[in-house]
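As structure tokens, the structure follows; a few thoughts come after it.
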Ligand code: NAD
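In our numbering, the protein residues as written are 50 to 315.
Here is the structure:
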């Protein structure tokens, strides 16, 4: 099958947590833009292999996969070493993998706090520190951190998540300043509520923490935050992400950008 993308234009994008939800949407948009991919995340091996094959065939790009558990810095380093060894460099790094846990702070399980900080914050430090040397060598790079509206504002019962997401906003700005003259941008996208397994799973716990029904959680807590009264879609986040990873976005750096249906305008 002939394909319009030449090797010169083609870059390698590593998207963490791309077996599901927003990460899968972003990986798909970057493959459609002609970039080779490294997928990461958990899931059933056969389903991931099928996804890998479909993305490669549909978009004429190379698609690799790493099942690294990003709560483990050594596994994260092994994923990065292997990907950089195979592709020469990671040109586009999207730190998207994330988990959520909802409980009052004085009841918050210590191991959940540690896991959320490790996956939602520290993993982005490890992938970024390991990807930057290759980006600097090529004089081009994109670091895109999928933060959250919770990088800008808080909600009760999400202490670890809000702390990690505010942390990633500060990390993003710092990286942006350090590499600003080297053709590398670092930005954070801050989605409001997007209907994915991560959100679906927190509905029962939020109902419990707030003494509401699950329907009330969706209408009165989640969509209450968003003036549009609609979930943000995966495709909308993916299109914004793909733009930020393009040459046209070269002057956007150190930015922490909401895509939240007006949530943080309030
Ligand atoms: P999701 O649960 O659909 O996907 C999460 C992905 O991360 C999966 O691929 C999963 O396998 C992977 N993952 C989880 N733990 C991992 C680990 N230890 N190592 C490697 N991979 C791991 O969630 P989503 O809603 O698509 O969330 C993606 C990102 O977007 C997260 O950082 C989340 O905080 C952020 N976000 C989501 C929303 C939303 O409303 N869904 C809003 C704002 C921000």
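Glycine is no exception: its CB is placed at the ideal position from the N, C-alpha and C atoms.
Coil, strand or helix - residue i by DSSP
i: residue 114; result: strand
i: residue 264; result: helix
i: residue 142; result: strand
i: residue 121; result: coil
i: residue 291; result: helix
i: residue 55; result: Any reading at residue 55 must be qualified, since the residue scores a pLDDT of 44, below 50, and its modelled position is unreliable; no value is offered.
i: residue 201; result: coil
i: residue 190; result: strand
i: residue 67; result: coil
i: residue 61; result: strand
i: residue 85; result: strand
i: residue 301; result: coil
i: residue 307; result: strand
i: residue 75; result: helix
i: residue 48; result: The shown model of the chain, from 50 to 315, leaves out residue 48, and the question about it has no answer.
Cβ-Cβ separation, residue j to residue i (assumed contact under 8 Å), whole Å
i: residue 209; j: residue 165; result: 4 Å
i: residue 283; j: residue 66; result: Wrong, their Cβ atoms sit about 13 Å apart, outside the cutoff.
i: residue 129; j: residue 176; result: 6 Å
i: residue 238; j: residue 306; result: 6 Å
i: residue 281; j: residue 309; result: 7 Å
i: residue 294; j: residue 63; result: Actually they are not in contact, since the Cβ atoms of residue 294 and residue 63 sit about 11 Å apart, beyond 8 Å.
i: residue 138; j: residue 191; result: 12 Å between Cβ atoms; not a contact.
i: residue 135; j: residue 172; result: Contact doesn't hold; Cβ gap of about 20 Å is too wide.
i: residue 241; j: residue 274; result: 7 Å
i: residue 258; j: residue 206; result: 5 Å
i: residue 183; j: residue 133; result: 6 Å
i: residue 106; j: residue 179; result: Between residue 179 and residue 106 the Cβ distance is about 30 Å, and since that is not below 8 Å, they are no contact.
i: residue 85; j: residue 110; result: 5 Å
i: residue 313; j: residue 202; result: 6 Å
i: residue 3; j: residue 181; result: Nothing about residue 3 can be read from this structure; the chain reaches only from 50 to 315.
First through last residue of the alpha helix (DSSP H) which encompasses residue i
i: residue 240; result: Not the alpha helix (DSSP H): residue 240 falls in the beta strand (DSSP E), residues 233-240.
i: residue 97; result: 94-108
i: residue 246; result: 246-259
Endpoints, beta strand (DSSP E) assigned at residue i
i: residue 153; result: Unbroken run through residue 153: none, as it is neither H nor E.
i: residue 211; result: Note, residue 211: premise wrong, no beta strand (DSSP E); alpha helix (DSSP H) at 208-228.
Inset, instruction - Evaluate the contact criterion for the segment 151-165 versus the segment 194-203: three or more CB pairs, one atom per stretch, below 8 Å. - result: no
Legend entry - Contact between the segment 120-137 and the segment 97-104 (3+ Cβ pairs under 8 Å): no
Inset, instruction - Assess, as a yes-or-no matter, whether the segment 244-260 is touched by the segment 222-234 under the definition of 3 or more beta carbon pairs within less than 8 Å. - result: Taking a cut-off of 8 Å on C-beta distances, the segment 222-234 does not touch the segment 244-260, as fewer than three cross pairs fall below it.
Legend entry - Three-pair Cβ contact test at 8 Å for the segment 296-306 versus the segment 229-236: yes
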